[in-house]
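Asks:
Residue numbers (this note's numbering), protein chains in the order written: chain A, 29 to 444; chain B, 130 to 435.
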């Protein structure tokens, strides 16, 4: 199969970029795979894609490049195809509209895969007939703002498949969207086996990693760790990552007098060599669309103590077997979970081994196999059925568009 | 952020790739594994032009930053690169090879005119975390690989005997209590029994604050009162370096934190400053790690409460 991914910016840093590179690299072992990046702002991608994957861009934003297009007048005009309800709307323009449209109208492949809502909308509208259209949801439907949900309701019926990263989110899609004939399938993110030997469970360190963002609730983790230190002062905590919350967390650590036990390590890439320095992973988020770091830690042989927040953790961790799920925001419960593993060397070792084994299901080969299966089914079905579905999708999509256009007006009317 | 090493397998090997495709940077990357004795093992892909099977004199070359290898032989260390049996090249830096204290930039020499700077690959430094060096009187060797600001591979090196490793710092309104362990003295307990702690003012070598040591075997602790450091303070930042000194003049040891995987402690081991009512003006004082990971106490002006 010839598979073409469409991504916002393959040259930056982020979970979608990493997981797309992983998936594309594995699929490229058997298939012809390219990643098309709408933007390119630097010469080399931060994460190196597999040598078998072709990478190209549509709009060049490298200031020192002869092909620089950031000063194109079209780049200054707002986008009309890329939906205004999408979070990245401001970065898109008449120029991206045209480039993406040209790309999709000339794209000759079997499967085109969009990696964010706005690009999925482009694909729904503009991909050529006969190409299987797949829209990936890397976040969750529930966390999108209402206007974007309406946009997706309008356009997604024209897709052949929508993939989510959790079963929970797939259920939400099935419940909230009318997607007749569209496959809605949960396919988790893939995480490769670490390039270092797994942790041996002897290091007296708890490790956490992620952006220092409010949703990660590292404040809760720091407070919980204060309770751990009160009982086990020989254990310490490293938090890897950078972000806006750093100053607040620093102040909290100082206030609680935890400067000998809790360390803000700054960003690290790759993370595997850092995970294996610890024996327990910790996640205290209030929301995880998937939970990449949980799987990463498990693949390094660490049992993870995680909050049972929506959506991913509960689908990754087998509570009490390869990790522990604790209630969201409860410092006592989080501390108790950590202490349970800290105080029982044998339990920690056993859960670490189970984490290593159970996380193998997220191996790129497994995940790519699931995508491969999905793609084969989408492309294998008869041209007639495909075109029938498209026609139905187009009709339904048109009907919904009318309905959705009316709705906000009604709401405004009733509010007045 | 440093780029990740290319995933397993030689990426982009063989035929040239078209212009539009990603070309993985040509500079070689060195993976590095640390052992608990302070030794480092480097593994890298054979650079182009190197013939792993034939005669050659490929070497990993360490050049001391700010040094001059032409005039001073000690500013260059060459480590032979040999096949590691896995199709790659390996160089070993045992803890017994002296590497004077400082920053060392890492190059590869494959017989071409110019040395080629290496980029950091995978660094497995887990054995450096919570490192407990064995008893010995030879200088403690600490080498921590790190990525420079420009993304190149360098090493931080320390060689100390004796070495006073700082551990937990306990802060209160009065001052800071430093807990630590003495390494690489013939008899650490005896050495400590005849020693005191000193805070030495960098601005004026005449200003020294001497305090007694509490000792327990190889372990020690001492408390420096902020008030005392502030007595001769007259505004601006003052740094006080912390030392252990034998009262009979037979030796001294800088208090530093070296025994882990963190090349630069300054940004990570951070401690709050405490307010001090100095005779000159309201001040604040607190411990910090210097660019060389030595422990010091800074006295400075107290910012107004906002």
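Glycine is no exception: its CB is placed at the ideal position from the N, C-alpha and C atoms.
Computed from a prediction, not measured in an experiment: that's the story for all the values here.
Counting C-beta neighbours from all protein chains within 10 Å, is the total for residue 157 (chain A) 16 or more, i.e. buried, or is it exposed?
Replies: exposed
Asks: So that I know if they touch, is there some Cβ in chain A lying closer than 8 angstroms to that of residue 154 (chain B)?
Replies: Any answer about residue 154 (chain B) is weak, because its pLDDT of 45 lies below 50 and its placement is not dependable; what the coordinates show is given next. Output row for residue 154 (chain B): interface = yes.
Asks: Roughly how many angstroms separate the alpha carbons of residue 390 (chain B) and residue 203 (chain A), rounded to a whole number?
Replies: 50 angstroms
Asks: Could you pull out every residue in the same chain whose Cβ sits closer than 6 angstroms to the Cβ of residue 411 (chain A), ignoring the five residues on either side in sequence?
Replies: Here residue 411 (chain A) scores only 45 on pLDDT, less than 50, and its place in the model should not be relied on; the value that follows carries that caveat. Excluding sequence neighbours, residue 411 (chain A) sits near nothing in its chain.
Asks: Interface residues of chain B around residue 320 (chain A) at Cβ under 7 angstroms?
Replies: In chain order: nothing, as chain B lies at least about 15 angstroms away.
Asks: Would you say residue 397 (chain B) faces chain A, with C-beta separation under 8 angstroms as the test?
Replies: At least one C-beta of chain A is nearer than 8 angstroms to the C-beta of residue 397 (chain B).
Asks: Between which two residues does the alpha helix (DSSP H) containing residue 151 (chain A) stretch?
Replies: Counting along the chain, the alpha helix (DSSP H) containing residue 151 (chain A) begins and ends at 145-154.
Asks: Report yes or no: is there a C-beta of chain A within less than 8 angstroms of the C-beta of residue 401 (chain B)?
Replies: Chain A, which has a Cβ nearer than 8 angstroms to the Cβ of residue 401 (chain B), makes this yes.
Asks: Is there a Cβ of chain A sitting closer than 8 angstroms to that of residue 255 (chain B), yes or no?
Replies: yes
Asks: Please state whether DSSP places residue 69 (chain A) in a helix, a strand or coil.
Replies: If DSSP states are grouped into helix, strand and coil, residue 69 (chain A) belongs with coil.
Asks: Using the three-state DSSP reduction, which class does residue 439 (chain A) fall into: helix, strand or coil?
Replies: Per-residue confidence for residue 439 (chain A) stands at a pLDDT of 39, beneath the threshold of 50, marking its modelled position as unreliable; no derived number is given.
Asks: Please specify which runs of the beta strand (DSSP E), each continuous and at least 3 residues long, are wholly inside the segment 279-339 of chain B, giving them in chain order.
Replies: 282-289, 292-300, 304-312 and 324-330
Asks: Note the first and the last residue of the continuous beta strand (DSSP E) segment covering residue 161 (chain B).
Replies: 158-163
Asks: With a cut-off of 8 angstroms, does the C-beta of residue 331 (chain A) fall near any C-beta of chain B?
Replies: no
Asks: Kindly indicate if chain B contains any beta-carbon less than 8 angstroms away from that of residue 90 (chain A).
Replies: no
Asks: Where does residue 372 (chain B) sit, in a helix, a strand or coil, going by DSSP?
Replies: strand
Asks: Which residue comes first and which comes last in the beta strand (DSSP E) that contains residue 16 (chain A)?
Replies: Chain A is shown only over 29 to 444; residue 16 (chain A) falls outside these bounds and no answer can be derived.
Asks: Flag residue 307 (chain B) as yes if its beta-carbon sits less than 8 angstroms from any beta-carbon of chain A, otherwise no.
Replies: no
Asks: Please name the residue in A:371, A:92, A:195 and A:132 whose C-alpha comes closest to that of residue 34 (chain A).
Replies: A:132
Asks: Please work out which residues of its chain come closer than 6 angstroms, Cβ to Cβ, to residue 246 (chain B), disregarding the five sequence neighbours upstream and downstream, and give them in chain order.
Replies: 236 and 281
Asks: Any C-beta of chain B sitting closer than 8 angstroms to the C-beta of residue 287 (chain A)?
Replies: The Cβ of residue 287 (chain A) sits closer than 8 angstroms to at least one Cβ of chain B.
Asks: Under the DSSP definition of a beta bridge, which residues are partnered with residue 164 (chain A)?
Replies: Under DSSP, the beta-bridge partners assigned to residue 164 (chain A) are A:191.
Asks: Quick one: list the residues of chain A neighbouring residue 251 (chain B), beta-carbon separation under 9 angstroms, in chain order.
Replies: 223, 224, 298, 300 and 301
Asks: So, at 8 angstroms on beta carbons, what are the nonlocal neighbours of residue 37 (chain A) in its own chain, with the 5 sequence-adjacent residues on each side left out?
Replies: 45, 65, 66, 67, 68 and 69
Asks: Based on the DSSP secondary-structure assignment, which residues constitute the bridge partners of residue 246 (chain B)?
Replies: B:236
Asks: Applying a beta-carbon distance threshold of less than 8 angstroms, which residues of chain A neighbour residue 258 (chain B)?
Replies: 231, 233 and 305
Asks: By DSSP, does residue 38 (chain A) sit in helix, in strand, or in coil?
Replies: coil
Asks: Since residue 221 (chain B) and residue 168 (chain B) should fall inside the 8 angstroms C-beta cutoff, what is the C-beta to C-beta distance between them, to a whole number of angstroms?
Replies: 7 angstroms
Asks: Applying the 10 Å Cβ sphere with the 16-neighbour rule, what's the burial state of residue 394 (chain B)?
Replies: buried
Asks: Where residue 135 (chain B) and residue 85 (chain A) are concerned, what is the direct C-alpha to C-alpha distance, given to the nearest angstrom?
Replies: Model confidence at residue 135 (chain B) stands at a pLDDT of 38, short of 50, so the residue's coordinates are unreliable; what they give is reported in the following sentence. Their backbone Cα atoms lie some 20 angstroms apart in a straight line.
Asks: Quick one: is residue 313 (chain B) buried, meaning 16 or more other Cβ sit within 10 Å of its Cβ, or exposed?
Replies: buried
Asks: Return the CA-CA distance between residue 197 (chain B) and residue 210 (chain B), expressed in angstroms with no decimal places.
Replies: One alpha carbon belongs to residue 197 (chain B), the other to residue 210 (chain B), and they sit about 23 angstroms apart.
Asks: First and last residue of the alpha helix (DSSP H) that includes residue 397 (chain A)?
Replies: Segment 392-408, the alpha helix (DSSP H) holding residue 397 (chain A).
Asks: Let me check one thing: in DSSP terms, what residues is residue 308 (chain A) bridge-paired to?
Replies: A:234
Asks: I want to verify the contact list: residues of chain A whose CB lies under 8 angstroms from the CB of residue 429 (chain B), in sequence order.
Replies: Listed along chain A is no residue with a C-beta nearer than 8 angstroms to that of residue 429 (chain B); the closest approach is about 16 angstroms.
Asks: With DSSP as the reference, please indicate the residues paired to residue 385 (chain B) in a beta bridge.
Replies: DSSP output for residue 385 (chain B) lists B:294 and B:423 as bridge partner(s).
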